[in-house]
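Here is the structure we will look at.
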Amino acid sequence: MTRTAYRSIFANGTAEERAENFKTYFEFSTKLSGELIEPEKDLVLKRAKLKWFQDNPVRSKQPLPDADKFYRNYVEMHDDPNTLDKRTLLLTCVYKFARHEWVGVTGAWDATPTLAKARNLEDKISRYHLAEEFCHVRLFHEMFRTMQLEEVQWVPLGPTMQAVYRMFPYLPGFILDPPAFITELMGIVFYRHFDALLDVYFGEEPEARDRIRALLREITVDEVSHAGQRRNFIGPKGTAFAKLTLRPLFKAFFHDIKGCELIFDVERMIKDAEEFDYSLIEPEMMAQSWVPSYCLIGEGAPAEAVT
Ligand SMILES: [Fe+2]
Ligand SMILES: [Fe+2]
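Under this note's numbering, the first residue of the sequence shown carries the number 1151, and numbering increases by one thereafter.
What follows is the structure, given as C-alpha cells:
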C-alpha cells in the first residue's frame, strides 16, 4: 500500500524553494477561495459555501440545558467553570479561541495593503489569508447558530490586548513570523482536538454534531494550508526559534481561556504541535489543502523515509 509521506513541518527549505512555494501557494489560495471582495473582507467561493450552510440549516434538538449560562460566560468566565456542563464549557472555549482569531485579523487587515496596492506576492498572500480568516469567524458563528445560540456577539478584547494585536502586524518579519506560524499550527491542533471532542459531547445528536464537524472542517482545511504558508515565511533560524517558543506560547494562550484545561489536554496539544507533520490530517482533507514542497516526501514513499 502506498501513502503520501511527510517531513516535519519544522523541516528546512532553501530560499529558492520558499520563493517557489509562495507562487504555488498563491495559485492554490486564489483557486480555493475565489475572488476577493475587499470592502466586505470576503471571498466569492467561501461566501458561496457559507450560504449553502445557511440555506440548509441544521439546528440542535437538544440545545444547551441553560443557554443563559453560556451567554454569561462565553466572553468572560464569571462562574466557576466546574459548574458548567461540558457542552456549554466546550462552546465557551471555542468562542474564546475564535475571538482571538477575529481580533487578530481585524488589526492585521487595517495594517495590510489592499490587493490593488500590494507591493509583492507576500502582500497578496497576506490579504487573501486575512480574508479567509474572516470567513472562519462566519463559519464559527454558524456553529453557534447550530446549537441555537443566535445571540452570539463578536466582542473586542480589552484595550491592552486590543492594542497588542493592532501593533503586532507592524513588527519586523524576524519577530512577527515565528509566532504567526505557531498560532496557525495552534489552530490546526486545537481544531483536531475539538473535532475529537464532538463525538464525546455531541454524540447523542448526530445531525448537529455532523454539521458542526462539517463547518469545522472547512476551517481546518484552510488552517492546514495557512500553517504551511506561514512556515514558508521563515528560514532555518526562525524555524528553530519558533519551535523553542511553541510551548510557552501554547501555555500562555490556553491559560487565558478559563476552564479550557477541564476539557482540552493542553500537554497533548503541545506535543502534537511539536511533532506535527501532515500525516496527522486525514488524506481527504489533505487533498483539498496545500503543503510546502520541502515538507513533502512524496507518494508511496516507504514509511522509514519519514523524518
Ligand atoms: Fe482561522
Ligand atoms: Fe489561519
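All residues carry an ideal CB built from backbone N, CA and C; glycine is no exception.
Quick one: what's residue i bridged to in DSSP?
{"i": "Leu1193", "result": "Leu1186"}
{"i": "Asp1427", "result": "Ser1158"}
Report the three-state DSSP secondary structure of residue i (helix, strand or coil).
{"i": "Thr1457", "result": "Its pLDDT being 36, under 50, Thr1457 is placed unreliably in this model, and the coordinates cannot settle the point."}
{"i": "Val1305", "result": "coil"}
{"i": "Leu1223", "result": "The sequence shown places Asn at residue 1223, rather than the Leu named in the question. Asn1223: helix per DSSP, three-state reduction."}
{"i": "Arg1367", "result": "helix"}
{"i": "Arg1269", "result": "coil"}
{"i": "His1286", "result": "helix"}
{"i": "Met1297", "result": "coil"}
{"i": "Ile1413", "result": "coil"}
Less than 6 angstroms separating the Cβ of residue i from some heavy atom of ligand 1?
{"i": "His1286", "result": "yes"}
{"i": "Glu1368", "result": "no"}
{"i": "Glu1283", "result": "yes"}
{"i": "Glu1251", "result": "yes"}
So, under 8 angstroms CB-CB, residue i and residue j are touching, yes? Tell me the CB distance rounded to an integer number of Å.
{"i": "Glu1300", "j": "Leu1200", "result": "Glu1300 to Leu1200, Cβ: 16 angstroms. No contact."}
{"i": "Ala1249", "j": "Thr1296", "result": "First, the amino acid is wrong: residue 1249 is Arg here, not Ala. About 18 angstroms separates the two Cβ atoms, so there is no contact after all."}
{"i": "Gly1254", "j": "Tyr1315", "result": "5 angstroms"}
{"i": "Tyr1245", "j": "Val1302", "result": "7 angstroms"}
{"i": "Trp1440", "j": "Phe1178", "result": "4 angstroms"}
For ligand 2, is there a heavy atom less than 6 angstroms away from the beta-carbon of residue i?
{"i": "His1376", "result": "yes"}
{"i": "Glu1334", "result": "yes"}
{"i": "Glu1373", "result": "yes"}
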